[in-house]
Each structure stands twice: as structure tokens, then as C-alpha cells.
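Protein chains in written order, with my numbering: chain A, 1296 to 1687; chain B, 1296 to 1687.
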């Protein structure tokens, strides 16, 4: 019996214009292939220190507790929640998309009581509803998503932060899709815990979840009655490895991913974060104009568009997956479909990090135009039906 | 005020002969720099399927539930435990080193009761003590470390597996340091859950924790009364992404690390796992002979030496850190010190994956010989004192 042969990897060259991961900056890719050292090597400790400094720059924070969790953005989410929550704690969870739902699920698994404040997917959470929930509960924290990757809505945070602190609760913010691409001021906005992911606007490979926590949050965490249920995600022990000079071993950090993250953050630092934010805003606006000129409708409330990802309605005369397959197979471009209740109904087009540029705006607009045209030509009955609709 | 400049990364070229991570095979490094695709890309799904097949080969198992957890080996440990344990469950934890202690800590954080069976560090756990613990408890599982990275002891598992199953408990095995370097038969030995890490004998970067679980274990997990406390590490939902054909999105896998793991496993498969085991055994034996010829004492019970890492006593006339610094600075070789109660008392020398070869045996023996000689010459009072001791 002959043995199966496993061939060399040969992945296609795709332009990743979906909801993340994004393409990796060539400089980050180069950093990934540098010689590995041990997780307690003096050289790696310098790398760790500089990564932390650069993360503070990216988060616009002076928080001592700032480091990358060794896992995906969802590990960052779970870490933020499980460090704060003890059995029976009430947490207000703002839900206007897929990742708000995930927060609520994790709150419950941490033994917390999730008090849900809901808005329709694609709309922001209104401050007054958060206040109402705060007034009617004994909430320890409010958890909210800054840039809902599932809908492309960008949540204003300052007013919600103010009211959260009036009620002496902590503000936990999901910045998975916003960090490094969308205006975010952790200290100025009074965010207590903020987590993100490496594979979105930082143009790094997936596998790290930057997180930062205020002293106020750390005081709550340090004064817990019980241990954090997750050993792996326990910030008070991870900080002994990442932030204290005597470096108490916790777990083996994904060393090459840390090299990559440092390089991704160095790119951000060199460009200047404000310039980066403007670039993302400029390109997403050009994309939206182009989509609308071609007769496509933006799904999300246009007053609160996230500069990193935009959601458009799938026209009712095409099939979501047909178009995405065509984009992938004919143009080597990946865009994302909808998650959860929006499956089949929207496309999510991302311009994140290195991918946020004018060339990519043109590429995706042309590819979409051609794909939609061909598609409608194929279904000529539908085409007849839609001739009075401007498609491109 | 001038802005701090962050320089390009320029890590030293180290030979990693410690307790892990090990150096990365050049083919694995190449795989890491291949084009990234999305976590739901059809190409990535093929990569996932083949990675799972190759992991089954490495674990010597037919378990359907076989996949890499997106985190370090400790995330694998936590996943193995938190999926099985519900509040109040009794778990027998075998402790003869640092990682046994960690298991006990995590069991308690999962709400379990840890029933500890202890042996001195560097000695194996005896079957009879496990039986005694089983007879005197209502244990749901026995957790034990196969290759204790902290001491280099290799634990025989077959008899402990038999008695564990006589008492209808599950056997959970930590194979972080053994997978791919030391004989390990998950199915034949009746291991119910086995987890490992990518950065040891698989010569991959750190950041993934391969795990496999038997149907017996999965039945226990599927029939839990309560949800697994960790959302991120919940095997029943991760499997929907990794193992089911309709691929329900769970979290964004660290795609490049999966490329790397597949390549590391492909190297294992090409060499043949039995050949790989023999190579590790042969080289560790040559290393031990050389160490003993130079007057160094093996810390670990020599009847149960792990073929991937060996612990030697730090001679009492030198300082642990001086020698390790000298090896690092003069030879660019990293070896590990002791963990926990063995800090300053032992060195751990690893020959893992690509690093298990004759050349490295010679290199570390010569480097150690020179470092110890110079060191003793410096401390000439001590040298006088030890002239009748054969050092090299």
C-alpha cells in the first residue's frame, strides 16, 4: 500500500480585502523569518520591552499593563472579561453585531450575568440605553465593541465612557478591527480595558491579541476574591513575564509572532498614527463613493462608518457566494460574507493596514463591477427585470 | 524633543539547546513566509485537513478530534483540563516536576478538586500510588506528564493507563516535550486526551498546541451538565471549524503558524516517526555519555531518560548563570536552567527535532568543557579544592 504524499505548500497569492486577516506587510514577513531566540533570552526581552512601548503608542495610552496575549483576538476578549468577572457579577454587554453576541456568551461562561443592551445590527448603541442599564443594575463593567467587524459600524465611545464612570463601572472595549486603523484614544476616552488583534490594521499574521488595562481596572483585578478562572489568560501572572524586570516564566510566547508584531507596530510608528488614521478614512470614503456610484447600497449607518471595513448589501439579483467565488477565482481577491443573521445578505470589504490604499480601491471596484455584470448577463431573465437599475 | 528610533530587528543566531523552543527547520521557516490566505479560504481548508491527518500520524491515533489549539502548550493543557472538568470534579494529578504543579493549579481554577500523587522531581510516578488514589476517590481523570520538561524524566504510561481505565477514569497526558521526539502511542496506550506544543520536537515556532481526544473523552465532554468555562478553548466548538465540512467560524486561526506546523509534520512524516524516535534516543545517549565522561552528573533517574532533554546537576564550584551566560555570549548556544525548586541547581540540555544530531552533541560538549575549565581557572581557590575531581 503506497503512502500518501503531502506536497509542498503552495498557497495562492490573494489580495485580502475582507474583514481580516489582511495581507502582511513585506517588512513584517521579513521579521517573521529572523532567527528565533529563547523566550527568556536577553535579546528577546529587549524586543518585548519595545513591543510594549510601541503598543502603548498604538493604543494612545500610558497604561503600564499593556502587552500581547498569546492567542487570537477572541483570546484577548476572553482575557479582558475573565480577569474582571467573578461569579455573579453583572456586566452590561452592548450588542449590535456578531462580536457583541460573543462577548455576552463569554461573560456567562465566566460566571457573570450579562445585561444586554441591544441595537439593530449596523446601528450604534445609544448612550441613554447604557445609562438606563447602569441605573437599573449593579454593573461592574460595560463591554462594547468599537468597530463591529460584522457590520462595519464605528461606535462613538466618549459619552458611553462618561456615563459608565459616573456609575463607577469599568469600560471594556473591543478594538479588534480598529486598533491602528481608526481613531482610538484609550486614555483620553477613559477606556479601562481595550483588546485587539494582530491581523487587522496592524498587517501582522494572526495569533496575538494586544491588550491594555488601566490602573483602575488592575486594582479591581488585583482585589478579586477568587482567582481568575483561566490560568493562561490571567493578566496578573502574564505581566510578571512581560512587564517585570525579573521575568517570571509564564508560558512560551510565540516569539516569531512577537517579532512580527514589533515590526508591524514600528511601521505604524514611522507612518505616524494620525496619518495612518487619515489614510484609512480617505480610502474607505473613496471605496464607499465607488460602491454607491455602481448602484450598491451601504448596509451600515453612514454617519458611523468604520474606516477599516465597510458592509454593503448583496444585490437581490445575485448570489452572495457566486460573486465571492468569482472574485476569488478570477481576481484572487477575497472579500467576506456576512456573519450570523447577515449571512448571504452583506459583503464586508476591508481596507486594513498595508491594504488601505488607492490601488486596492480601484481593484476591488473594477472586480466587483465586472463580476456583477457577468453575473447579471448570465441570469438574463433577471437582467431584463433590472435594466432600469443602475448597476455600474 | 526627538522621537525614539526603533531599529530593525537583528536577533543573534543562537543554537537553541535548551528545554525549548528549539531552532526552526529551514523548510518550516520557508513555509512561514508564504502568502497568507483567509481562515475560511478553500485553500486553507485543505491545509487544515492535511495538518489534522499529519497530527494523527504524529500522535499515533485515529481520533477524529485532533487539531492544533491556537496558543502555547499551556493553552493545550488548559484546554485538556477545562473541557473535562466541571465544578467539584475530582482529578488525580501526578506531580514530579514543574508542569505537574501547573496542571494542579489549572485543575483548581477549573473548579476541580486536585488529588495530588507526588514523586520526587526527577523520578517517575509509580503505578501503585495512582491506583491508591483511584481507589480512594471518585476521580474523573488522571492527569500526568509524559516528558517532564523541568527534569527530563520520561514517564511510562501503559500501566498507569490500564489502572486508570479499570477505575473508569480518563487519562490526560502532557506530551509537550515528547511529541515527535519520544515514543508515544496515543491509541495503543489508551490515552484519552493528549496535548503538546509546536516549538519542541516538531521544530516549529511556538504558538500552537496540538491536541487529540478519544471518543470516550469526547463523550464525557459532550455530556457535560455545564458549558466549558473557556469559550476560546472549547473543543466542541473548535471542532466545528477544524473538523466539520461546513466550517463554522470560531476564531481566526494563526494561519502562518498552521502552514509552519504542517511543514514540520511533513518533515516528521518523511523521516518516519520511528526513525525520528531512534535518532533522538541515539543522540541523547551520546550526549549523556559525553557529559558523564566530563565528570558531570545526570540529575534524572537514568532508567527513564527523556530522549529530547536531559537534566544535569550544576557542579557546585560554578555558578549556573555564569556558565549559561558564557555559553550564550561566547558560543551563541542557549541551554536552560532549572525551574522552580531546581533553579540554579540543574541545567537542561535539549536535542529536539532538527537539533537532535551528532554535530550538536559535539558542539555543546566542547562548549561546556571549555566554559567549565575557564570558570574553574578563574576561581582558582575552588580549582585547588577540586583538583582531584575529573572535570573534563
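The beta-carbon is built from N, C-alpha and C at its ideal position, and this holds for glycine as well.
Interface flag for residue 1505 of chain A against chain B is unset, since no Cβ pair is found closer than 9 Å.
A Cβ-Cβ contact shorter than 9 Å links residue 1502 of chain B with residue 1493 of chain B.
Residue 1522 of chain A reaches chain B at 1404, counting residues in chain order whose Cβ is nearer than 7 Å. Contact between the stretch 1605-1615 of chain B and the stretch 1433-1440 of chain B is absent, with fewer than three C-beta pairs closer than 8 Å.
Note that the stretch 1613-1622 of chain A touches the stretch 1651-1669 of chain A; at least 3 beta-carbon pairs, one per stretch, sit closer than 8 Å.
In terms of CA proximity to residue 1410 of chain A, A:1427 leads the group A:1421, A:1427 and A:1419.
In the displayed model, residue 1572 of chain A falls within a helix according to three-state DSSP. Residue 1438 of chain B is outside the set of residues whose beta carbon lies under 9 Å from a beta carbon in chain A. Counting every other CB atom within 10 Å of its CB across the protein chains shown gives residue 1365 of chain B a total of 16 or more, marking it as buried. The three-state reading of DSSP puts residue 1603 of chain B in coil, since its state is none of H, G, I, E or B. For residue 1641 of chain A, the enclosing beta strand (DSSP E) stretches over residues 1641-1645. Judged by DSSP secondary structure, residue 1490 of chain B falls outside any alpha helix (DSSP H) and instead within the beta strand (DSSP E) spanning 1488-1490. In the DSSP assignment, residue 1532 of chain B falls within the alpha helix (DSSP H) that extends over 1530-1537. Nearest to residue 1445 of chain A by C-alpha distance, out of A:1639, A:1643 and A:1460, is A:1643.
For residue 1411 of chain A, no alpha helix (DSSP H) segment is defined; the enclosing uninterrupted segment is the beta strand (DSSP E) at 1408-1413.
If you look at residue 1389 of chain B, you'll find it in the beta strand (DSSP E) that goes 1385-1390. Here residue 1443 of chain A carries a strand assignment [DSSP, helix/strand/coil]. For residue 1610 of chain B, the three-state secondary structure derived from DSSP is coil.
Contact of residue 1354 of chain A with chain B is not assigned, every C-beta pair being separated by 9 Å or more.
Uninterrupted alpha helix (DSSP H) stretches at least 4 residues long and entirely within the stretch 1460-1489 of chain A do not occur. Close CB contacts of residue 1520 of chain A within its chain, under the 8 Å cut and outside five residues either way in sequence, are with 1381 (chain order). Taking a beta-carbon distance threshold of 9 Å, residue 1477 of chain A does not count as an interface residue toward chain B. A Cβ-Cβ contact shorter than 9 Å links residue 1330 of chain A with residue 1309 of chain B. Under the DSSP assignment, residue 1504 of chain A falls in the beta strand (DSSP E) whose first and last residues are 1504-1508. Membership of residue 1331 of chain B in any alpha helix (DSSP H) is not indicated, and neither H nor E is assigned to it by DSSP. Under the 10 Å beta carbon count, residue 1435 of chain B is surrounded by 16 or more other beta carbons and is classified as buried. The way I'd put it, the stretch 1592-1600 of chain A does touch the stretch 1444-1462 of chain A; three or more beta-carbon pairs between them come closer than 8 Å.
Residue 1357 of chain B and residue 1508 of chain B have their C-alpha atoms spaced approximately 10 Å apart. For residue 1515 of chain B, no pairing in a beta bridge is given by DSSP. Look at residue 1356 of chain A here: in three-state DSSP terms it is coil, with no helix or strand label. Put simply, the CB of residue 1650 of chain A is far from chain B, with every gap to its CB atoms at 9 Å or more. Residues of chain B with a Cβ closer than 9 Å to the Cβ of residue 1318 of chain A are, in chain order, 1330 and 1331.
Considering only beta carbons, the part of the stretch 1530-1549 of chain A lying closer than 9 Å to chain B consists of 1544, 1545, 1546, 1547, 1548 and 1549, in chain order. Using a Cβ-Cβ cut-off of 9 Å, residue 1526 of chain A counts as an interface residue toward chain B, since at least one Cβ of chain B sits closer than that to its own. Secondary structure note for residue 1377 of chain B: its alpha helix (DSSP H) is the uninterrupted segment 1368-1379.
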